[in-house]
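Okay, structure first, notes after.
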Amino acid sequence: WEAFLAPVDCCWAAVRNLKEAFDDPFTAERGMVFTDADGNRHVGPPIRFAKEPPQPNPKLASFGEHSMEIAREAGLSAEEIEALRAKGTI
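All the letters of the sequence shown, read from the start, carry residue numbers 22 to 111 under the working numbering.
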């Protein structure tokens, strides 16, 4: 698709997985990759004002931050949640 659309005057972009997004020269050039306090990398917003440096989204959840809440809302019992925690699933 890229070879077909590149010469055409239209809006398009390839859909990338996280590794591709992190490794893409465009994301590096735009300063869009951020590492949080836990060492997890995130892709920041692609749109920003010209004179402002890129900023990470301050509302990003930590990895697994909401796992317990989601498990409870999904109807898992305390015992099921603890079993998942013990296995390292959540």
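Ideal Cβ placement from N, Cα and C applies to all residues, glycine included.
Remark: C-beta atoms of residue 81 and residue 57 approach each other more closely than 9 Å. Pairing residue 60 with residue 52 gives a Cβ-Cβ distance that is not under 9 Å. Residue 93 carries a helical assignment under DSSP once its states are collapsed to helix, strand and coil. Apart from sequence neighbours up to five positions away, the residues of its chain that approach residue 101 with a beta-carbon distance below 8 Å are 92, ordered along the chain.
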